[in-house]
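According to the working numbering, the sequence shown is numbered sequentially starting from 3. Just so it is clear, CB atoms sit at the ideal spot from N, CA and C, and this is done for glycine as well. Bear in mind the structure is a predicted one, so any value in this text is a computation, not a measurement.
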Amino acid sequence: MKLAVVKYGDPVLTKRAEEVTEFDKQLAKLVDDMFETMYAAPGVGLAAPQVGVLQRLFVMDCSGGNNPKQKLALINPVLELEEGNQMGDEGCLSFPGIYFQVKRPQRVIVKAQDLDGSPFTLDVMDLEARCVEHETDHLDGELFINYLSPLKRDLVQRKIKKRVKLGDW
Ligand code: NI
């Protein structure tokens, strides 16, 4: 089932999500629905708070459905290592149509749990590292506009306010 994606302005996006403790059918269904929602958008990552669920998990697939190995659900992710730097364009399904350059680590090692609660470690670079960083931020209520200078952030926020007024948000 496709879920509604919460847009910037909703307070759920700036709250810290809670640890997942129940690895049950309900969690599996949520992950399934999140993948469906992400692919339909289309997007390469989606965190639970973006569908209104304040739990520490996200889904990602930087291959856009072309490589099953890149279809990943990370539950209770914890960043273990951040290395190097990369600049690149970034977007967010909670900020439709808004893209800008964000500096992120080039490589990330992240520990997480799978749907059964079994721990695993992921060592990723480039776009996947960017995605892990962006989605993990969502679980702490951090949004990518926080990486902009105050001036640029103000500009983006004014643009959004205009779109809200126009009913285009
Ligand atoms: Ni996002």
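Assuming contact is defined by CB atoms lying nearer than 7 Å, are residue i and residue j in contact in what I supplied?
i	j	result
residue 14	residue 54	yes
residue 57	residue 8	no
residue 77	residue 22	yes
residue 137	residue 47	yes
Taking buried to mean at least 16 other C-beta atoms within 10 Å of its own C-beta, is residue i buried or exposed?
i	result
residue 166	exposed
residue 45	buried
residue 96	buried
residue 20	exposed
residue 160	exposed
residue 101	exposed
residue 153	exposed
Between which residues of its own chain and residue i is the CB-CB distance below 6 Å, once the five residues before and five after are set aside?
i	result
residue 73	63
residue 123	113
What does a CB cutoff of less than 8 Å around residue i pick up in its chain, not counting 5 residues either side in sequence?
i	result
residue 4	35, 38, 39, 42
Once you ignore the five residues that flank residue i on each side, which residues in its own chain have a CB closer than 7 Å to its CB?
i	result
residue 29	22, 117
| On the three-pair Cβ rule with 8 Å, is the region 105-121 touching the region 75-90? | The way I'd put it, the region 105-121 does touch the region 75-90; three or more beta-carbon pairs between them come closer than 8 Å.
| said: If we require 4 or more residues per run, which alpha helix (DSSP H) segments fall completely within the region 117-152? | reply: If only uninterrupted alpha helix (DSSP H) runs of at least 4 residues are considered, those enclosed by the region 117-152 are 128-141.
| query | Which ranges would you report for the beta strand (DSSP E) in the region 22-95 if only whole runs of at least 3 residues count? | reply | Within the region 22-95, the complete beta strand (DSSP E) runs of at least 3 residues are 47-49, 59-62, 74-85, 88-92.
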